[in-house]
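Residue numbers (the working numbering): 132 to 286.
Glycine included, C-beta positions come from ideal geometry on N, C-alpha and C.
Bear in mind that the values here come from a model prediction, so they are computed numbers and not experimental data.
Just below is one structure, and these are the notes that go with it.
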Amino acid sequence: MIEIQRAHQQFFPKRLLYYWSKLYSGQVEKGNVQYGTLKQVMVIAISNFHLYMKNPSYLSHHRLFDTDTLNCEVDDIVFHFIDLKKFNLTKVDELKTACDVWCYFLKYIHRVDARTISLLKQKHPFITQAITELENYKLKPEEFEKYLLYTMGLE
132 MIEIQRAHQQ
142 FFPKRLLYYW
152 SKLYSGQVEK
162 GNVQYGTLKQ
172 VMVIAISNFH
182 LYMKNPSYLS
192 HHRLFDTDTL
202 NCEVDDIVFH
212 FIDLKKFNLT
222 KVDELKTACD
232 VWCYFLKYIH
242 RVDARTISLL
252 KQKHPFITQA
262 ITELENYKLK
272 PEEFEKYLLY
282 TMGLE
């Protein structure tokens, strides 16, 4: 599950846990619980506000673990939090991981020039489709309709 929250919400982590629980419990049929078939549910939460002030990193990972041994015995609960306010890479050459590239895209794509977009596509080709999709939202309504028909193979 991917959740993006732009404005601060006091109970955002609790809301995510609630959504996670619905997705996890929704895997079983009422009256026919097969616990062995339950699959991991991963939450990727992207915020444009400081969610965890004590963590200086823009990226944090959370799992259920034993507080004495620090072993993770239950792999089904996984949360990844991305705090775009803490993401401070501003140049394409600084981006090292796929996560860096996606964060750069989400934080800065609305204000970068054509040269930077070209460089981003060249150095990180996997982001090209997202940039193309975003550019298509700038089309006139009749152009966008043509694009949709083309992508669905109807034109």
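| said: Less than 8 Å between the beta carbons of ALA176 and ILE208, yes or no? | reply: In the sequence shown, residue 176 corresponds to position 45, counting from 1. In the sequence shown, residue 208 corresponds to position 77, counting from 1. Result no, Cβ atoms of ALA176 and ILE208 do not sit closer than 8 Å.
- How would you call LEU195, buried or exposed, if buried means at least 16 neighbouring beta carbons within 10 angstroms? Locating residue 195 in the sequence shown gives position 64, where the first residue counts as 1. So LEU195 ends up on the exposed side.
Just grab the DSSP bridge partners of GLN136 for me. Residue 136 sits at position 5 when you count from the first residue of the sequence shown. The partner list for GLN136 (beta bridge, DSSP) reads SER178.
Exercise for the section: Quick one: give me the first and last residue of the beta strand (DSSP E) that SER191 is part of. Expected result: Taking the first residue of the sequence shown as 1, we reach residue 191 at position 60. Per DSSP, SER191 belongs to the beta strand (DSSP E) from 190-195.
ask   = Cβ atoms of MET132 and LEU148: under 8 Å apart, would you say?
value = What you label residue 148 is simply residue 17 of the sequence shown in a count that begins at 1. What you label residue 132 is simply residue 1 of the sequence shown in a count that begins at 1. Their beta carbons are not under 8 Å apart, which means LEU148 does not touch MET132 by this criterion.
Considering only DSSP beta bridges, list what ILE213 is partnered with.
Taking the sequence shown and counting its residues from 1, one reaches residue 213 at position 82. Paired residue(s): ILE177 and LEU190.
Contact check, LEU251 vs CYS234, beta carbons under 8 Å: Here residue 251 refers to the residue found at position 120 when the sequence shown is read from its first residue. Here residue 234 refers to the residue found at position 103 when the sequence shown is read from its first residue. Taking 8 Å as the Cβ cut-off, LEU251 and CYS234 do not qualify as a contacting pair.
field: Cβ pair count under 8 Å reaching 3, the segment 180-190 against the segment 213-232
entry: yes
Should LYS227 go down as buried or exposed, given a rule of 16 or more other Cβ atoms within 10 Å for buried? Reading the sequence shown from its first residue, position 96 is the one you call residue 227. So LYS227 counts as exposed.
inquiry  = Here's the rule I'm using: 16 or more other beta-carbon atoms within 10 Å means buried, otherwise exposed. How should GLN189 be labelled?
reply    = Translated into the one-based positions of the sequence shown, residue 189 becomes position 58. Residue 189 is actually Tyr in this sequence, not Gln. By the neighbour-count rule (16 or more Cβ atoms within 10 Å), TYR189 is buried.
Considering only the alpha carbon of each residue, which of ASN267, SER178 and ALA245 lies closest to PHE218?
The residue given as residue 218 occupies position 87 in the sequence shown. Ranking the options by Cα distance to PHE218, first place goes to SER178.
Under 8 Å, do TRP151 and VAL172 count as touching if we go by C-beta distance?
-> Position 20 of the sequence shown, counted from the start, is the residue given in the question as residue 151. Position 41 of the sequence shown, counted from the start, is the residue given in the question as residue 172. Yes, Cβ-Cβ distance for TRP151 and VAL172 is below 8 Å.
Backbone CA spacing between MET229 and HIS255 [nearest angstrom]: Position 98 of the sequence shown holds residue 229. Position 124 of the sequence shown holds residue 255. Per the sequence shown, residue 229 should be read as Ala rather than Met. Going from the Cα of ALA229 to the Cα of HIS255 covers about 8 Å.
Q.
Out of GLU134, LEU220 and LYS161, which one is the CA nearest neighbour of VAL174?
A. Sequence index remark: in the sequence shown, residue 174 carries index 43 (1-based). VAL174 has its Cα closest to that of GLU134, out of GLU134, LEU220 and LYS161.
(message) Using the Cβ count rule (16 or more neighbours within 10 Å means buried), how would you classify PHE257?
(response) If you number the sequence shown from 1, residue 257 lands on position 126. The residue in question, PHE257, is exposed, as its Cβ has fewer than 16 Cβ neighbours within 10 Å.
* Out of LYS238, GLN158, GLU204 and GLU276, point me to the one whose CA is closest to ARG137's CA. => As a working note, residue 137 is residue 6 in the sequence shown. When each option's Cα is compared against that of ARG137, the closest is LYS238.
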